[in-house]
Amino acid sequence: MAATKTPRKKATPRATPRRGLSILVLSGPNLQLLGVREPEIYGTETLADVHARLVARGAELGVQVTARQSNHEGELCDWIAAARTEHDGILLNAAAYTHTSLALFDAIKAVGLPCVEVHISNPEAREAYRHVSRIAPACIAKVSGFGTDSYLLALEGLVRWLERAGSGRQAPGARRKAR
Ligand code: DQA
Numbered sequence: 003m004a005a006t007k008t009p010r011k012k013a014t015p016r017a018t019p020r021r022g023l024s025i026l027v028l029s030g031p032n033l034q035l036l037g038v039r040e041p042e043i044y045g046t047e048t049l050a051d052v053h054a055r056l057v058a059r060g061a062e063l064g065v066q067v068t069a070r071q072s073n074h075e076g077e078l079c080d081w082i083a084a085a086r087t088e089h090d091g092i093l094l095n096a097a098a099y100t101h102t103s104l105a106l107f108d109a110i111k112a113v114g115l116p117c118v119e120v121h122i123s124n125p126e127a128r129e130a131y132r133h134v135s136r137i138a139p140a141c142i143a144k145v146s147g148f149g150t151d152s153y154l155l156a157l158e159g160l161v162r163w164l165e166r167a168g169s170g171r172q173a174p175g176a177r178r179k180a181r
């Protein structure tokens, strides 16, 4: 009996599911006191409220947001280092460490992830010792002076930056998480 060839099924192109972006939001020393700390400068919203707004806005944008706070420089460095394989970008309000921390500058440079410097107040319009940012040269952008909305605006800016990066642009030395 002559062998009859069964027509081969046409291969259907397998859709590659797009992994959502993941953003790490870090806040430095004394920001756990938001809401009670100098409300005339930092407002009355708590850090927990800010984190909840970031997570909600992230969900609207299809982005996963993880938010943490520490009073310890080394812990912030540890979290930045771990972000290299876990997240696509970082929002960092380093608080007073902004003005002093070479260690945080080095950590951001080391991981090569796009990082946005965030401030609730506008440090340049305050005391002279707040005018210097040690971390700014390691960051892609800075959002400051919009109250706690600075975090939200920074999230939107970073997501847009990352979406553009997806079509070719990357932070210098950036190592993206495997998709
Ligand atoms: C701050 C500004 C810093 O100068 C200050 O040390 C802070 C908060 C801000 O969010 O406005 O702790 O980072």
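By this note's numbering, the letter at position 75 of the sequence shown is numbered 77, and the numbering carries on one by one without gaps. Beta carbons are placed, not taken as given, at the ideal position from N, Cα and C, and that holds for glycine. None of these values were measured; they are calculated from a predicted model.
Option in the options with minimal Cα separation from residue i
| i | options | result |
| --- | --- | --- |
| residue 2 | 65, 139 and 26 | Outside the displayed range of the chain (3 to 181) lies residue 2, so it cannot be described from this structure. |
| residue 38 | 49, 29 and 30 | 49 |
| residue 30 | 77, 145 and 84 | 77 |
| residue 71 | 35, 128, 90 and 149 | 35 |
| residue 150 | 126, 142 and 55 | 55 |
| residue 87 | 156, 158 and 24 | 24 |
| residue 165 | 124, 155, 81 and 90 | 90 |
| residue 143 | 128, 129, 161 and 132 | 161 |
| residue 47 | 152, 167 and 131 | 152 |
Check: residue i C-beta below 6 Å from any heavy atom of the ligand DQA
| i | result |
| --- | --- |
| residue 121 | yes |
| residue 97 | yes |
| residue 55 | no |
| residue 132 | yes |
| residue 125 | yes |
C-beta contact flag for residue i and residue j at 7 Å
| i | j | result |
| --- | --- | --- |
| residue 67 | residue 52 | no |
| residue 61 | residue 27 | no |
| residue 64 | residue 22 | yes |
| residue 134 | residue 101 | yes |
| residue 157 | residue 137 | no |
| residue 99 | residue 126 | no |
| residue 59 | residue 155 | no |
| residue 124 | residue 147 | yes |
Identified DSSP bridge partners for residue i
| i | result |
| --- | --- |
| residue 70 | 28 |
| residue 91 | 25 |
| residue 144 | 119 |
Is there contact between the segment 117-126 and the segment 91-103, where contact requires at least three CB pairs shorter than 8 Å? Segments in contact, yes.
Inspect the CB distances between the segment 106-115 and the segment 40-56 and report whether three or more fall short of 8 Å. Not touching, per the Cβ criterion.
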